[in-house]
Amino acid sequence: MPERYNSGKIELMSKGVISLQDAEKVYETGELKVPALLDINLEVTKGEMLAIVGPSGSGKSTLMNIIGLLDRPTKGKYFLEGQEITLSMSDRKLAKLRANTMGFIFQSFNLLPRLTAVENVMLPSLYSKTVAKNRRKERAEEILENVGLGHRLKHKPTELSGGEKQRVAIARALMNEPTILLADEPTGNLDSKSGHAIIKILKELREHEDKTVLVVTHDENIRKECQKSIELFDGRIK
Amino acid sequence: MYNLLKSALKSIWNNKVRSLLTVLGIVIGVASVTVLVSLGQGLKTDVSSMIEGLGTNVLVVVSGQIDTENPNQQQSMNPSNFISNDILSIDDVYTIQDTAGVASVSPMTLVAGKPVVRDTDHQASPMVMGVYTDFLDTSQVVDIETGEMFTANDQNAVIIGHGLKEELFGEDEAVGETVTIGDQELEIIAVLAEPTTTSLFASEFNYLAAIPYDKAKQLNDNEDSVFRIILKADDGTDVPDLQNRLTEAIKANHEGQEDFTVFTQQDLLEVFNDFLSMATAMVSAIAAISLIVGGIGIMNIMLVTVTERTKEIGIRKAVGASRTDILWQFLVESVVITLIGGAIGLGVSFIGAIIIANETPIQPVISWDIILLAIAISIGIGVVFGIWPALNAARKDPIEALRHE
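Order-wise, the sequence lines are chains H and F.
The opening residue of the first sequence carries number 13 in this note's numbering; numbering runs sequentially from there.
The opening residue of the second sequence carries number 3 in this note's numbering; numbering runs sequentially from there.
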């Protein structure tokens with residue numbers, strides 16, 4: 013059973029890859045205030061694999077979106093690799109950080125249906141300078157081979173199985189050599205065998221490439237595979 | 003940029019039918035504007051060649067005041083004055099004859115309501131005009147094809163235009179034949195050459211029966227009436243100066259009233275030219291409305307596209323696209339659509355110009371200016387009508403967009 017991960021109060025500056033301090037997310041719809049996340053203190057160090065579990069509506073996705081820079085906390089501080097993510101940061105700056113440090117893996121794969129596997133994998137490189145232009149295609153093919161899809165390069169998502177689609181999505185997430193992988197229910201749409209293969213890939217990425225991996229999941233088995241886990245309930249870490 | 007273009011072309015290709023229909027509005031708009039502007043330019047080129055073909059030393063006096071400086075002013079041209087018979091008189095002709103620098107002069111006197119009759123089967127109602135013997139030399143519009151111009155001694159002579167000859171005589175010989183105008187029997191002593199189409203008074207001279215001035219006066223119940231006066235300046239005369247001196251001299255005849263205009267033929271052509279420019283601009287403006295309609299079509303389809311591709315926008319943002327990236331993506335797409343439309347429109351207008359050139363006397367001119375204008379219009383429409391959908395796309399919240407199905 014992995015230990016419960018709840019760091020409590022942390023010093024202002026942190027050596028963690030991800031550090032949230034007293035973070036809150038409250039949605040305001042007119043008079044009504046709906047808290048999605050409250051009192052979140054979280055420290056993730058490099059190379060960790062962290063499971064985020066909890067029932068539906070407990071704020072797992074909101075937490076993931078904040079960490080992934082798609083959303084911003086309404087209160088509290090967020091340090092990403094030691095850099096504070098402030099409210100005044102421009103969209104351009106956030107997009108750049110997202111392109112270079114984050115790799116998203118979604119439950120429903122979210123591949124662009126009209127692009128081939130290689131083109132889908134190359135997509136993030138359009139928005140980053142990490143990979144030189146003339147290296148992009150080559151690199152995309154390499155990653156696809158690494159996830160076992162060397163024979164599916166020119167296939168479109170509709171021609172791929174669920175497990176294959178998710179492996180394309182992982183390859184895409186790796187394209188810009190990010191330090192953090194964010195997987196939101198990555199096995200939710202897969203049978204247990206393909207799901208297991210996906211988790212195996214994520215674990216290998218953590219072990220061999222020192223990626224920090226966050227996995228939102230319902231699945232107790234996946235939770236057990238992770239070194240650490242936090243459980244959310246009603247927007248708080250339990 | 004290459005990637006943007008590639009993805010734009012791809013998404014346009016993926017919606018072939020829709021893109022084609024959307025583009026149609028721009029095609030029609032660009033084609034109609036291009037054809038109309040090129041028509042205008044073609045007509046202007048014609049007018050310019052008329053100016054070049056004319057003697058610069060020919061002046062015309064007409065009744066009515068026409069402000070050649072400001073031809074657009076409404077009161078500047080009163081058409082009823084322009085055709086009036088009672089403003090100019092034979093005295094004005096004498097005055098002009100006495101003015102220094104005038105080489106030759108001829109009045110033009112209309113003989114109204116008198117047909118030219120060959121026999122009962124062959125008659126016509128051309129413009130019958132009483133003129134002096136120098137008329138053809140003075141006007142320098144057409145030469146004589148066969149025969150001789152009448153002299154002061156020929157009182158019962160008539161010369162006829164090429165078109166009139168064909169109507170009355172067909173292929174038959176006309177010179178030496180007799181025709182009747184009113185109660186006068188006149189001998190045809192000359193037929194005019196066919197005027198070139200670029201000549202300013204071409205139709206007038208093609209369908210003309212010119213008779214000696216005194217004969218015209220006789221047919222007009224012995225009244226002196228002058229419709230127009232045409233004159234030629236001496237070589238080396240300062241034409242604008244002569245124009246001013248003539249105006250002053252004739253004004254003295256008219257109790258100081260300037261109810262007539264002395265034109266150089268160039269003045270007249272400039273008026274035509276200005277009118278032509280104005281007409282071209284107005285017609286093109288109407289055609290431009292179709293471009294606006296086309297643009298609204300583009301905006302509509304781009305809004306639909308943005309909505310359809312909400313998920314894609316979310317994905318692109320998640321993998322690192324900024325708002326600016328998304329804005330450019332959709333803006334480039336709409337500009338590519340309008341550019342394709344513009345290119346097809348230009349192609350259509352080239353075909354249209356060829357058809358017009360073959361079927362009508364007008365030669366439309368599609369210059370580089372027009373081509374660049376069409377391209378600029380296409381890009382402009384793409385930007386103006388694409389910016390709002392593109393902004394819409396750029397502003398989408400990535401989380402909401404990712405949830406969109």
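The beta-carbon is built from N, C-alpha and C at its ideal position, and this holds for glycine as well.
No experiment lies behind these values; they were computed from the predicted model shown.
Check whether the Cβ atoms of F/I183 and F/V113 lie closer than 8 Å to each other.
At the C-beta level, F/I183 and F/V113 come within 8 Å of one another.
State the Cα-Cα distance for the pair H/I182 and F/I401, rounded to the nearest angstrom.
Whole-angstrom Cα-Cα distance: 19 Å.
Cβ of F/W370 within 7 Å of any heavy atom in the ligand PLP?
This structure lacks the ligand PLP; in fact it carries no ligand of any kind.
Could you say which of H/E189, H/E237 and H/T191 lies nearest to H/I210 if we only look at CA atoms?
Checked all of H/E189, H/E237 and H/T191; the closest Cα to H/I210 is H/E237.
Under the three-state DSSP convention, the category H/H208 falls into
Correct three-state label for H/H208: helix.
Tell me which residues of the region 317-344 of chain F have at least one Cβ-Cβ distance to chain H shorter than 8 Å, keeping chain order.
Within the region 317-344 of chain F, contact with chain H at the beta-carbon level (separation under 8 Å) is assigned to I317, R318, K319, A320, V321, G322, A323, S324, R325, T326 and D327.
Residue-chain proximity (F/I401, chain H), Cβ-Cβ < 8 Å
Yes, because at least one Cβ of chain H sits closer than 8 Å to the Cβ of F/I401.
Do F/I231 and F/V60 have their C-beta atoms closer together than 8 Å?
Against a cut-off of 8 Å, the Cβ pair of F/V60 and F/I231 comes out as no contact.
Assuming F/F152 and F/S108 are in contact, meaning their beta carbons sit under 8 Å apart, how far apart are those beta carbons, in whole angstroms?
Not quite, the Cβ-Cβ distance comes to about 12 Å (not below 8 Å), so this is no contact.
Quick one: which residues of the region 74-89 of chain H get their C-beta closer than 8 Å to a C-beta of chain F? List them in chain order.
Cβ contacts with chain F: N77, G80, L82 and D83.
For the alpha helix (DSSP H) that F/L194 lies in, which residues bound it at each end?
Counting along the chain, no alpha helix (DSSP H) covers F/L194; the unbroken beta strand (DSSP E) around it starts and ends at Q186 to L194.
Checking 8 Å against the spacing of the C-beta atoms, do H/A185 and H/G115 come in under that value?
Cβ distance < 8 Å, so H/A185 and H/G115 count as in contact.
Residue from H/R147, H/Q95 and H/D103 whose Cα sits closest to the Cα of H/K83:
Looking at the sequence provided, one finds Asp at residue 83 of chain H rather than Lys. For the set H/R147, H/Q95 and H/D103, the Cα lying nearest the Cα of H/D83 is the one of H/D103.
Residues in its own chain within less than 8 Å of F/I364 by CB, not counting five upstream and five downstream?
Closer than 8 Å at the Cβ level, and outside the excluded window around F/I364, lie L41, G44, L45, D48 and I358.
Please tell me whether F/Y209 and F/T111 are closer than 8 Å, where the distance is taken between their beta carbons.
Taking 8 Å as the cut-off, the beta carbon of F/Y209 is found no closer than this to the beta carbon of F/T111.
Show which residues of chain F have a CB atom less than 8 Å away from the CB atom of H/N122.
Against chain F, a Cβ distance below 8 Å from H/N122 picks out K313, G316, I317, A320 and L404.
What's the call for H/I249, buried or exposed, on a 16-neighbour Cβ count within 10 Å?
Classified as buried, H/I249 has 16 or more neighbouring CB atoms from the shown chains inside 10 Å of its CB.
Once you ignore the five residues that flank H/G207 on each side, which residues in its own chain have a CB closer than 7 Å to its CB?
Excluding residues within five positions, the ones whose Cβ falls inside 7 Å are T199.
For chain F, is any of its Cβ atoms less than 8 Å away from the one on H/R164?
Chain F contact via Cβ: absent.
Sorted by chain position, which residues of the same chain lie with C-beta nearer than 7 Å to F/E150's C-beta, five sequence neighbours on each side aside?
If we look at F/E150 and ignore the five residues flanking it on each side, its Cβ neighbours are I191 and A192.
Say whether chain F places a C-beta atom closer than 8 Å to the C-beta of H/P136.
With 8 Å as the cut-off, H/P136 counts as an interface residue toward chain F.
So, for F/A126: in the same chain, excluding its five sequence neighbours on each side, which residues have a beta-carbon less than 7 Å away from its beta-carbon?
Only P117, V118, L166, E169 and L170 meet the Cβ criterion.
So the candidates are F/R318, F/V295, F/M3 and F/A283; which of them puts its Cα closest to the Cα of F/V29?
Of the candidates F/R318, F/V295, F/M3 and F/A283, the residue whose Cα lies closest to the Cα of F/V29 is F/V295.
Determine whether the Cβ of H/R147 lies closer than 8 Å to any Cβ atom of chain F.
So no, H/R147 is outside the interface.
So is H/V46 buried or exposed if we call it buried at 16+ other beta carbons inside 10 Å?
Classification for H/V46: exposed.
With a threshold of 8 Å between beta carbons, is H/S140 in contact with chain F?
Residue-level contact check: H/S140 touches chain F, since one or more beta carbons of chain F fall below 8 Å from its beta carbon.
Quick check on F/N16 - is its C-beta less than 8 Å from some C-beta in chain H?
Yes - at least one Cβ of chain H is within 8 Å of the one on F/N16.
Output needed in chain order: residues of the region 94-105 of chain H with a Cβ under 7 Å from some Cβ in chain F.
Using a CB distance below 7 Å, the part of the region 94-105 of chain H facing chain F consists of D103 and R104, ordered along the chain.
Determine whether the Cβ of F/K12 lies closer than 8 Å to any Cβ atom of chain H.
Yes, its Cβ sits closer than 8 Å to a Cβ of chain H.
Contact set between the region 193-216 of chain H and chain F, restricted to residues whose Cβ is under 8 Å from the partner
Cβ proximity to chain F below 8 Å picks out nothing from the region 193-216 of chain H.
Quick one, which residues of the region 365-398 of chain F are near chain H if we go by CB-CB under 8 Å, in chain order?
Residues: none.
Kindly indicate if chain F contains any beta-carbon less than 8 Å away from that of H/R151.
Under the Cβ criterion of 8 Å, H/R151 is not counted among the residues facing chain F.
CB contact check: H/R184 to chain F, cutoff 8 Å:
Answer yes: the Cβ-Cβ gap between H/R184 and chain F drops below 8 Å somewhere.
Looking at the unbroken alpha helix (DSSP H) that takes in F/I162, where does it start and where does it end?
Run containing F/I162: none in the alpha helix (DSSP H); it sits in the beta strand (DSSP E), A159 to I162.
Whole angstroms are fine: how far does the CA of F/K313 sit from the CA of F/E407?
Going from the Cα of F/E407 to the Cα of F/K313 covers about 7 Å.
Note down the Cα distance separating F/P128 from F/S205, rounded to an integer number of angstroms.
Between F/P128 and F/S205, the alpha-carbon positions lie close to 11 Å from each other.
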